[in-house]
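Peer 1: Just so you know, the sequences run in chain order A and B. In terms of our numbering, the first sequence has 173 at position 182, counting the first letter as 1, and numbering is strictly consecutive. Heads up: take any position in the second sequence, counting from 1, add 8, and you land on our numbering. Right, I'll just put the structure down here and ask away after.
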Amino acid sequence: MFEIMEGLKSAFWLVVTFDAELWEISLRSLRVTLTALLVASAIAIPLGTFLAVQRFRYRRTIISFINALMGLPPVVVGLLVYILLSRSGPFGVLNLLFTPTAMIIAQVIIITPVIASIAHQSMRELWAEYHDLLISLNTTKGQRILTLIKDGRRNLLTAMLAGFGRAIGEVGAIMIVGGNIDHVTRVLTTAIALETGKGDFALALGLGFVLIGIAFVVNIAIHTLSQTEREGRW
Amino acid sequence: MKKLILAAIAVLWAQACNADAMRMAVTTSFDSSGLAEVLLPAIKEDLDLDVRLLVVGTGQALRLGEAGDVDAVLVHSKAAEKAFVAAGHGTHRREIMYNDFVIIGPVADPAQISVASSAAVAVQKIEDAQTPFVSRGDDSGTHKAELKIWASAGLDADGFGPWYRAVGAGMGAALNTAAGMQAYVLSDRASWLNFGNKDGLALLFSGDPVLFNQYAFLPVDPSKNAALRNDLAMKLEDWLTSPRAAELINGYEINGEKLFVFNAQNE
Chain A
-8 MFEIMEGLKS
2 AFWLVVTFDA
12 ELWEISLRSL
22 RVTLTALLVA
32 SAIAIPLGTF
42 LAVQRFRYRR
52 TIISFINALM
62 GLPPVVVGLL
72 VYILLSRSGP
82 FGVLNLLFTP
92 TAMIIAQVII
102 ITPVIASIAH
112 QSMRELWAEY
122 HDLLISLNTT
132 KGQRILTLIK
142 DGRRNLLTAM
152 LAGFGRAIGE
162 VGAIMIVGGN
172 IDHVTRVLTT
182 AIALETGKGD
192 FALALGLGFV
202 LIGIAFVVNI
212 AIHTLSQTER
222 EGRW
Chain B
9 MKKLILAAIA
19 VLWAQACNAD
29 AMRMAVTTSF
39 DSSGLAEVLL
49 PAIKEDLDLD
59 VRLLVVGTGQ
69 ALRLGEAGDV
79 DAVLVHSKAA
89 EKAFVAAGHG
99 THRREIMYND
109 FVIIGPVADP
119 AQISVASSAA
129 VAVQKIEDAQ
139 TPFVSRGDDS
149 GTHKAELKIW
159 ASAGLDADGF
169 GPWYRAVGAG
179 MGAALNTAAG
189 MQAYVLSDRA
199 SWLNFGNKDG
209 LALLFSGDPV
219 LFNQYAFLPV
229 DPSKNAALRN
239 DLAMKLEDWL
249 TSPRAAELIN
259 GYEINGEKLF
269 VFNAQNE
């Protein structure tokens, strides 16, 4: 119990003193995760919507497969990305291992199935509602997908926030592909793992509280930008 | 509000850096000793070289070297290092410094190892008492040293009962686990002194020559791939074996206790 109080205290002091290192790793955390979120959303949202609108032979298999990938252990993703990006691996010439880009790639792989699954689920319900209207208007497939994405944006936002939550708190994969290098690939979660390893629980908890605070701010910011959860805009 | 948020996002992506740098895989015990925080700024100052540390177990460090993903490794497991050089993954092996391993355990010392005459006797006592013992279990240098000590007492860790707990984690995590279950654990002296959660644990046994812990520097063979910076690795080796490094390494203390002894030979 004592340590939780110490953690809150250290989080408070880190924030009010504008600790330079804290700023650096927090910004890096945000940069990596938000980039991964944008890339993953660009893949997952059209994919999830397409799977809701289109009927084809292996649709059910693909949906089950994507749902199964939601449970992918980050460490396995990290190891796969490591093997691919290693200089002795197929993409070694790109020299991406132990860079923030490698961390973004790993996070995209982790959160794309999460966003696609949730997006598909909500789009399916919306499609049931819109089906007759959009068919009778003789819309093209592309128009249908765009309409669903536009009108289902609040549900899609939930999907994106779920993806963000999984990515910002993830440590297993980015530890392997990023390497937790000071000033290069150290982010909040890997710093927390490091401080725990050193037995400095107060600092580790403090960083954890900062992480929760950042996630909160990002959620608020996304709601503001997309103008949801506001009066008169339900 | 909206503009403010967009501006904040713009700032986020605006920064980028790419200085001349090399990568070195080091053992968790080296990093948690805190010595890196003394050496790296000095290296930056003297050589204008950014050394990026990848903190992993000795087993993984050598694996990273084998794949050509790091320019050099700094580890502490002589047999594995010799095999690494023999297999052509490293150009050579250069000894830099040493410290020693210590046996940590609950303050009450249920197995009475603090009065043991040697490390072999101490671990024999732990085995007799069947008190919990936390093993790194991650193929690291410390893990290999631990297995060697069991072997020196004629014991085989594979046959141990549930009191022997292989956690498969780094030095700090293993110490945390030992603190939580009031178990014995083998640690290097530096990690122990720098460890913040000593709750109920104490240093119980040290001083046997078998606990000697040599750290060595191994540049990775540059023929593995074109991106390897062997030139920087050699520059770093020269620095690590210089009088300046000797002064910093020998002068590094925690709570007034000296942690490492510089022993690089000039060639």
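Even for Gly, the Cβ is constructed at its ideal location relative to N, Cα and C. None of these values were measured; they are calculated from a predicted model.
1) Give the DSSP-derived three-state secondary structure of F155 of chain A in the structure shown.
2) Starting from E15 of chain A, trace the alpha helix (DSSP H) in both directions and tell me its first and last residue.
3) Could you tell me which uninterrupted alpha helix (DSSP H) segments, each at least 4 residues in length, are contained entirely in the stretch 198 to 266 of chain B, listed from first to last along the chain?
4) Please confirm whether S40 of chain B has its beta-carbon closer than 8 angstroms to some beta-carbon of chain A.
5) Exposed or buried, which one is W200 of chain B when buried takes at least 16 other CB atoms within 10 Å?
6) Count the other CB atoms within 10 Å of the CB of Y223 of chain B; is the residue buried (16 or more) or exposed (fewer)?
7) Could you name the residues of the stretch 76 to 93 of chain A whose beta carbon sits closer than 7 angstroms to any beta carbon of chain B, in the order they occur along the chain?
8) Taking only runs of the beta strand (DSSP E) that begin and end inside the stretch 91 to 138 of chain B, which ones reach a length of at least 3 residues, in chain order?
9) Classify Q98 of chain A as buried or exposed, calling it buried when 16 or more other Cβ atoms lie within 10 Å of its own Cβ.
10) Against chain B, with Cβ distances strictly below 8 angstroms, would W225 of chain A count as a contact?
11) Kindly say whether K10 of chain B, judged by its beta-carbon, lies nearer than 8 angstroms to any beta-carbon of chain A.
12) Would you tell me roughly how many angstroms separate the C-alpha atoms of E161 of chain A and L128 of chain A, rounded to the nearest one?
13) DSSP three-state label for F207 of chain A, please.
14) Candidates A:H214, A:I159, A:L28: which alpha carbon is nearest S20 of chain A's?
15) Looking at chain B, is there any beta carbon in it that lies within less than 8 angstroms of the beta carbon of F192 of chain A?
16) Would Y49 of chain A be called buried (16 or more neighbouring beta carbons within 10 Å of its own) or exposed?
17) Going by the CB atoms, is the gap between T99 of chain B and V83 of chain B shorter than 8 angstroms?
18) If the criterion is Cβ atoms closer than 8 angstroms, does the pair S143 of chain B and F213 of chain B meet it?
19) Does the beta carbon of D77 of chain B come closer than 8 angstroms to any beta carbon on chain A?
20) Please determine if the stretch 128 to 135 of chain B and the stretch 154 to 161 of chain B are in contact, where contact requires at least 3 C-beta pairs separated by less than 8 angstroms.
21) Here's a check: name, in chain order, each residue in its chain whose Cβ is nearer than 8 angstroms to the Cβ of S77 of chain A, leaving out the five neighbours to either side.
22) DSSP state of S195 of chain B, grouped into three classes?
23) Using 8 angstroms as the threshold, is the stretch 185 to 194 of chain B in touch with the stretch 40 to 54 of chain B, meaning 3 or more CB pairs across them?
24) Identify the contact partners of D10 of chain A in chain B, using a Cβ-Cβ distance below 9 angstroms as the criterion.
25) Give the residues of chain B in contact with N171 of chain A, contact being defined as C-beta atoms less than 8 angstroms apart.
26) In chain A, which residues lie less than 9 angstroms from A235 of chain B when you measure between Cβ atoms?
27) Taking all protein chains shown into account, decide if M(-4) of chain A is buried (16 or more other Cβ within 10 angstroms of its Cβ) or exposed.
28) Ordered along the chain, which non-local residues of its own chain (more than five positions away) have a Cβ less than 7 angstroms from that of Q120 of chain B?
29) When you compare the CB of A88 of chain B with every CB in chain A, is at least one pair closer than 8 angstroms?
30) Give a yes or no on whether 8 angstroms exceeds the smallest Cβ distance from P188 of chain A to chain B.
31) Specify the secondary structure class of L62 of chain B as computed by DSSP and reduced to three states.
32) Can you tell me whether DSSP reads L82 of chain B as helix, strand or coil?
33) Is it the case that the stretch 49 to 60 of chain B contacts the stretch 56 to 64 of chain A, given that we only count it when at least three CB pairs across the two stretches are under 8 angstroms?
34) Quick one: which chain A residues come within Cβ less than 7 angstroms of L183 of chain B?
35) Can you give the Cα-Cα distance for L125 of chain A and K132 of chain A, rounded to whole angstroms?
36) Run the CB neighbour count on A31 of chain A, radius 10 Å, all protein chains shown included, and call it buried at 16 or more, exposed below.
Peer 2: On the basis of the supplied data:
1) As a position in the first sequence, residue 155 of chain A is number 164, starting the count at 1. Helix.
2) Stepping through the first sequence from its first residue, residue 15 of chain A is reached at position 24. Note, E15 of chain A: alpha helix (DSSP H), 11 to 44.
3) 238 to 248, 251 to 259
4) Mapped onto the second sequence, residue 40 of chain B falls at position 32. Chain A has a Cβ within less than 8 angstroms of the Cβ of S40 of chain B.
5) Translated into positions along the second sequence, residue 200 of chain B becomes position 192. Result: buried.
6) The residue you call residue 223 of chain B lines up with position 215 of the second sequence. It counts as buried.
7) S77, R78, S79, G83, N86, L88, F89
8) Whole beta strand (DSSP E) segments, 3+ residues: 102 to 114.
9) Against the first sequence, residue 98 of chain A aligns to sequence position 107. Per the 10 Å Cβ criterion, buried.
10) Locating residue 225 of chain A in the first sequence gives position 234, where the first residue counts as 1. Residue confidence for W225 of chain A is low, a pLDDT of 45 falling below 50, so the modelled location carries little weight; the figure read from the coordinates is stated next. Output row for W225 of chain A: interface = no.
11) Residue numbering aside, residue 10 of chain B sits at position 2 when the second sequence is read from its first letter. With 8 angstroms as the cut-off, K10 of chain B counts as an interface residue toward chain A.
12) Stepping through the first sequence from its first residue, residue 161 of chain A is reached at position 170. Stepping through the first sequence from its first residue, residue 128 of chain A is reached at position 137. Between the C-alpha atoms of E161 of chain A and L128 of chain A there is a straight-line separation of about 44 angstroms.
13) To locate residue 207 of chain A, count along the first sequence from 1; it is residue 216. Of the three classes helix, strand and coil, the one that applies to F207 of chain A here is helix, per DSSP.
14) On the first sequence, residue 20 of chain A is found 29 positions in, with the first residue counted as 1. Cα-wise, what sits closest to S20 of chain A is A:I159.
15) Residue mapping note: residue 192 of chain A aligns to position 201 of the first sequence, counting from 1. Chain B, which has a Cβ nearer than 8 angstroms to the Cβ of F192 of chain A, makes this yes.
16) Stepping through the first sequence from its first residue, residue 49 of chain A is reached at position 58. So Y49 of chain A counts as exposed.
17) Translated into positions along the second sequence, residue 83 of chain B becomes position 75. Translated into positions along the second sequence, residue 99 of chain B becomes position 91. No; because the gap between Cβ atoms is not below 8 angstroms, this pair is not in contact.
18) Within the second sequence, the letter at position 135 stands for residue 143 of chain B. Within the second sequence, the letter at position 205 stands for residue 213 of chain B. Not a contact, by the Cβ cut-off of 8 angstroms.
19) Indexing the second sequence from 1 puts residue 77 of chain B at position 69. Yes, D77 of chain B lies at the interface with chain A (some Cβ there is under 8 angstroms from its Cβ).
20) yes
21) As a working mapping, residue 77 of chain A is identified with position 86 in the first sequence. Within the same chain, S77 of chain A has close Cβ partners G83, L88.
22) Taking the second sequence and counting its residues from 1, one reaches residue 195 of chain B at position 187. Looking at S195 of chain B - three-state DSSP - the assignment turns out to be strand.
23) no
24) Locating residue 10 of chain A in the first sequence gives position 19, where the first residue counts as 1. The premise fails here: D10 of chain A is roughly 16 angstroms from chain B at the closest Cβ pair, so nothing lies under 9 angstroms.
25) For the purposes of this step, residue 171 of chain A is taken as the residue at position 180 of the first sequence. Correct list: L62, V63.
26) To locate residue 235 of chain B, count along the second sequence from 1; it is residue 227. Correct list: R78, G83, V84, N86.
27) Mapped onto the first sequence, residue -4 of chain A falls at position 5. Exposed, because fewer than 16 other Cβ atoms sit within 10 Å of the Cβ of M(-4) of chain A.
28) Within the second sequence, numbered from 1, the residue matching residue 120 of chain B stands at position 112. Excluding positions up to five away in sequence, the list reads K133.
29) In the second sequence, the residue the question calls residue 88 of chain B occupies position 80. Judged by the 8 angstroms Cβ criterion, A88 of chain B is not in contact with chain A.
30) Position 197 of the first sequence holds residue 188 of chain A. The question names Pro, but residue 188 of chain A in the sequence shown is Gly. For G188 of chain A, the answer is yes, since a Cβ of chain B falls inside 8 angstroms of its Cβ.
31) Position 54 of the second sequence, counted from the first residue, corresponds to residue 62 of chain B. Strand, per DSSP.
32) Counting from one through the second sequence, the residue named residue 82 of chain B turns up at place 74. It is a strand residue.
33) no
34) Walking along the second sequence from the start, residue 183 of chain B turns up at place 175. G190, listed in chain order.
35) Residue 125 of chain A sits at position 134 when you count from the first residue of the first sequence. Residue 132 of chain A sits at position 141 when you count from the first residue of the first sequence. Going from the Cα of L125 of chain A to the Cα of K132 of chain A covers about 10 angstroms.
36) Sequence index remark: in the first sequence, residue 31 of chain A carries index 40 (1-based). Under this definition A31 of chain A is a buried residue.
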